[in-house]
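S.K.:
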Amino acid sequence: MADSGLLMLALGGYAGAVFAGRRERLLLASLAAAIGLHTLALAERWAAHGHGPFTTMHEVLSANLWSLALVTALAAWALREVRLAFVAVAPVLGMLALWVLVSDAGRGHFPATYATSLLYWHAVLGKAFLGLLLVATALGLVPLLRRTAWGARHFATAPGDARFDELAHRFAAFAFVFDALMLIVGALWAQDAWGRYWAWDPLETWAFATWLALVLTLHARATLRPRPLLHGLALLAVFVLAFLTFFGVPFISTAPHKGVV
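Just so we're aligned, residue 21 is where the sequence shown starts under my numbering, counting upward by one.
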């Protein structure tokens with residue numbers, strides 16, 4: 021299929037971004053090229069299958085790789101600090117790209133419960149949340165990376181830890197807004213699809229745990245004023261929890277939230 025070739029070219033662009041290092045122009049150019057090609061690949065698959073990338077692990081991974089790269093690219097275009105912190109984003113994009121390569125690209129089943137505009141709002145809000153949280157985590161990890169010999173060189177001309185810590189907090193706050201909206205829209209979708217707003221199925225439980233962890237991290241940053249290093253590690257823990265919620269629970273659970281009914 022045409023989308024497979026486009027996707028392979030896009031993955032090559034992501035590889036260029038991952039290995040761009042401190043060459044900021046190459047980073048932005050590689051991301052722009054990869055996102056453009058990836059957009060065409062997703063559109064081609066959407067047209068061929070008649071539905072969005074929501075049904076299989078391959079589609080979910082591909083769509084989230086695209087959205088994470090897009091959010092990161094927009095943030096990197098606006099802020100040099102994000103371009104410098106991209107070294108902490110690169111492993112996540114690289115892992116997702118490799119996962120896309122080995123996943124089954126076959127056609128999935130599109131359940132009747134997915135035939136609603138609420139699904140699209142829910143997905144967009146969730147992707148924005150995860151992308152903003154990834155950027156926040158990358159910025160928050162700079163104080164840790166700076167303590168390595170490589171990091172000392174990479175961030176030699178960068179602002180101090182306080183600047184990265186403040187930006188991490190701001191991106192995390194924006195991520196919280198989108199996370200809360202995602203849960204609200206998800207509850208409305210659940211009521212429309214299954215006749216209940218909330219049932220504590222595995223995905224709902226993990227999603228709430230992620231939201232609660234982010235709330236506690238934001239509250240601790242505002243009231244306790246932890247050191248930038250501790251704040252960055254807390255954001256990393258929240259991102260790991262969110263990552264497991266997005267890419268683990270939906271595909272090991274047999275609960276109706278998986279969308280098989």
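Where is the CB? At the ideal position from N, CA and C, for every residue including glycine.
Values in this document were obtained by computation on a predicted structure and should not be read as measured data.
1. Is it right to say Leu236 is buried, meaning 16 or more other beta carbons lie within 10 angstroms of its own, or is it exposed?
2. For Gly279, which residues in the same chain have their Cβ closer than 7 Å to its Cβ, ignoring the five residues on either side in sequence?
3. Is it true that the CB of His69 sits closer than 9 Å to the CB of Gly33?
4. How about Lys147 and Val197: do their beta carbons lie closer than 9 Å?
5. In whole angstroms, what is the alpha-carbon distance linking Ala182 and His251?
6. Looking only at its chain, what residues have a beta carbon closer than 8 Å to the beta carbon of Thr230, apart from the 5 residues adjacent to it on each side?
7. Spatial neighbours of Glu108 within its chain, please: C-beta separation below 6 Å, excluding the five flanking residues on both sides.
8. Is it buried or exposed for Trp86, if we count other Cβ within 10 angstroms and need 16 for buried?
9. To the nearest angstrom, how far is it from the Cα of Leu62 to the Cα of Ala207?
10. So, is Ser137 buried or exposed, given that buried needs 16 or more other C-beta atoms within 10 angstroms?
11. What residue range is occupied by the uninterrupted alpha helix (DSSP H) comprising Ser137?
12. With DSSP as the reference, label Arg216 as helix, strand or coil.
M.R.: Result, derived from the coordinates:
1. exposed
2. Caution applies to Gly279, whose pLDDT of 42 falls short of 50 and renders its modelled position unreliable; the model cannot decide the point.
3. no
4. Inclusion of Lys147 and Val197 in the CB contact set at 9 Å is not warranted, their separation being larger than that value.
5. 11 Å
6. Asp199, Val258, Leu261, Ala262 and Thr265, listed in sequence order.
7. What sits at residue 108 in the sequence shown is Ala, not Glu. Here the set comprises Ala158 and Leu161.
8. buried
9. 27 Å
10. exposed
11. Ser137 to Gly160
12. coil
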